[in-house]
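Enquirer: Chains as they are written, first to last, in the numbering used here: chain A, 80 to 299; chain B, 80 to 299.
Here it is: the structure, laid out below.
This is the structure:
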């Protein structure tokens, strides 16, 4: 029993995914990750990460035998390529400074064999930021969210609370008015520092973990 | 007929996706995007963007009636939240400077209503970069790739050529030795500048398009 990541190129038509999942289910294989989207040339791109695969050659042969499938390839998983994600939301001069710290620190970890990506959405406005926080529950591999702004509160606080009830989401924020610091796991004044610390939190080669700090000592 | 983005929380067990795709296929709905992953609490998270939906209420009712489904919610699409992606690969001092330019420029566009994300993977080594370029064919919404390094060639060149045969991928790169500049669409010496120009290329509110430049004038 092994895990595999495979990529299927297919005709874009209704029902193709059903044909594919039927074969996978018949093989008693678990789908740990699936990403399907329509390419610019209108082909379907279906990327799967499969667990408990008994006979990968037979599976690929059966998938290839579908009329709607052009090709099936084995490839590295998204986790292998892109690794954990540190997500940065915010605007103005601060968002790029937080990213600067995070990217420089991730470079130092990745050169030692880790994989950490820094995904930045420059976004402002209470409603837009709250919506983007909610969207984190629908994307994989999120490790730490950093809020890089000068005023965040209201709906943003409510959304963090809501997400944290269900997900193990770590939130670091800049020190700022608005109340968002009350629901953040770590509050840092310097933007480069908060970026660095977010990557240290995500990294498995680093010893830093905000949970080791006393609750009264989580503001820098 | 309308388009919807929905999110399904389900039991994590074999065959759930098949049950769901069966219902969607029966409704004659097209799946434009699907992302499935296992959450930390072991629930399945299945996020779909659907086209040609006739009766969304009936669809949600039928999905909710599945024993393995906990909840179904309508939410904004990934395109609405995260928008187009400018992807940055490279290492050292340059990767964060390219990101600095790109994030600052994206902030200026997003504040005017666009959505552009800057996704950075600090990565070095011919093989790792080539693999990460290949992985771009398996993720959605990629607009421009920026190569931020001081020496890139060999396999990286071959991978760019291969991807460009099939995908409409735009590649900007720093001016550097190694030959990668030969297969890049635009070559820029200053790292902040190449980040800014990548976002201008991706943006629909900007007038810049490298294709408007003479081929002999695509190096800055």
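Every residue, glycine too, gets a C-beta built ideally from N, C-alpha and C.
State buried or exposed for residue 279/B, treating a residue as buried only when at least 16 other CB atoms are found within 10 Å of its CB.
Expert: Here residue 279/B refers to the residue found at position 200 when the second chain is read from its first residue. It is buried - the Cβ of residue 279/B has at least 16 other Cβ atoms within 10 Å.
Enquirer: Counting only C-beta atoms, is residue 277/B closer than 7 Å to chain A at any point?
Expert: In the second chain, the residue the question calls residue 277/B occupies position 198. Chain A contact via Cβ: absent.
Enquirer: Verify whether the separation of the beta carbon atoms of residue 277/A and residue 299/A is less than 7 Å.
Expert: As a first step, residue 277/A must be located in the first chain, where it is residue number 198. As a first step, residue 299/A must be located in the first chain, where it is residue number 220. In this structure, residue 277/A sits away from residue 299/A, with a CB-CB distance that is not shorter than 7 Å.
Enquirer: Residue 84/A by DSSP, collapsed to three states: which one?
Expert: Position 5 of the first chain, counting from 1, holds the residue named residue 84/A. Strand at residue 84/A.
Enquirer: Going by DSSP, what residues sit across from residue 89/B in a beta bridge?
Expert: For this step, residue 89/B is matched to residue 10 along the second chain. BP columns for residue 89/B point to 123/B and 148/B.
Enquirer: Assuming residue 101/B and residue 97/A form a contact by the criterion Cβ under 8 Å, report the distance between their Cβ atoms to the nearest whole angstrom.
Expert: The residue labelled residue 101/B in the question sits at position 22 within the second chain. The residue labelled residue 97/A in the question sits at position 18 within the first chain. About 6 Å; that satisfies the 8 Å criterion.
Enquirer: Tell me which residues share the same chain as residue 268/A and place their Cβ nearer than 8 Å to its Cβ, disregarding the 5 neighbours each side in the sequence.
Expert: Position 189 of the first chain, counted from the start, is the residue given in the question as residue 268/A. Same-chain partners within the cutoff: 253, 254 and 299.
Enquirer: Going by DSSP in three states, residue 198/A sits in which element: helix, strand or coil?
Expert: Within the first chain, numbered from 1, the residue matching residue 198/A stands at position 119. If DSSP states are grouped into helix, strand and coil, residue 198/A belongs with the strands.
Enquirer: Report the option in 172/A, 138/A, 148/A and 137/A whose CA atom is closest to the CA atom of residue 94/A.
Expert: Along the first chain, one-based indexing puts residue 94/A at 15. Of the candidates 172/A, 138/A, 148/A and 137/A, the one whose C-alpha sits nearest the C-alpha of residue 94/A is 148/A.
Enquirer: By the criterion of Cβ-Cβ separation under 8 Å, what are the contact partners of residue 144/B in chain A?
Expert: On the second chain, position 65 is the one that residue 144/B refers to. Per Cβ cutoff of 8 Å: no residues; residue 144/B is ~18 Å from chain A at best.
Enquirer: Note down, in chain order, every chain D residue with its Cβ under 9 Å from the Cβ of residue 161/A.
Expert: In the displayed structure, chain D is absent; the protein chains listed are A and B.
Enquirer: By a C-beta neighbour count over all protein chains shown, 10 Å radius and 16 as the cutoff for buried, is residue 153/B buried or exposed?
Expert: Locating residue 153/B in the second chain gives position 74, counting from the first residue. Counting Cβ neighbours within 10 Å, residue 153/B comes out exposed, since fewer than 16 surround it.
Enquirer: Spell out whether any CB of chain A is found under 7 Å from the CB atom of residue 301/B.
Expert: Residue 301/B is absent from the model: chain B starts at 80 and stops at 299.
Enquirer: Can you give the beta carbon distance from residue 129/B to residue 82/B, rounded, assuming they're within the 8 Å contact cut?
Expert: Here residue 129/B corresponds to residue number 50 of the second chain, with the count starting at 1. Here residue 82/B corresponds to residue number 3 of the second chain, with the count starting at 1. Confirmed, Cβ separation roughly 6 Å.
Enquirer: Going by DSSP in three states, residue 232/A sits in which element: helix, strand or coil?
Expert: Stepping through the first chain from its first residue, residue 232/A is reached at position 153. Coil, per DSSP.
Enquirer: Specify whether the stretch 115 to 128 of chain A and the stretch 163 to 182 of chain A touch according to this definition: at least 3 beta carbon pairs, one from each stretch, less than 8 Å apart.
Expert: no
Enquirer: Which partner residues does residue 267/A have in the DSSP bridge list?
Expert: Numbered from 1 along the first chain, position 188 holds the residue referred to as residue 267/A. Bridge partners of residue 267/A: 253/A.
Enquirer: Helix, strand or coil: how does DSSP classify residue 258/A here?
Expert: As a working mapping, residue 258/A is identified with position 179 in the first chain. Coil, per DSSP.
Enquirer: In terms of residues, what are the limits of the beta strand (DSSP E) holding residue 164/A?
Expert: Within the first chain, residue 164/A is the residue found at index 85, counting from 1. Residues 163 to 169.
Enquirer: Using a C-beta cutoff of 7 Å, does residue 116/B count as contacting chain A?
Expert: Residue 116/B sits at position 37 when you count from the first residue of the second chain. Interface criterion met: the Cβ of residue 116/B is under 7 Å from a Cβ in chain A.
Enquirer: Apart from the five residues on each side of it in sequence, which residues of its chain come closer than 6 Å, Cβ to Cβ, to residue 150/A?
Expert: On the first chain, position 71 is the one that residue 150/A refers to. Same-chain partners within the cutoff: 88.
Enquirer: From residue 110/B to residue 256/B, what does the alpha carbon distance come to, in whole angstroms?
Expert: On the second chain, position 31 is the one that residue 110/B refers to. On the second chain, position 177 is the one that residue 256/B refers to. The alpha-carbon atoms of residue 110/B and residue 256/B are separated by roughly 43 Å.
Enquirer: To the nearest angstrom, how far is the alpha carbon of residue 123/B from that of residue 291/B?
Expert: Working through the second chain from its first residue, we reach residue 123/B at position 44. Working through the second chain from its first residue, we reach residue 291/B at position 212. When rounded, the distance between both Cα atoms is 46 Å.
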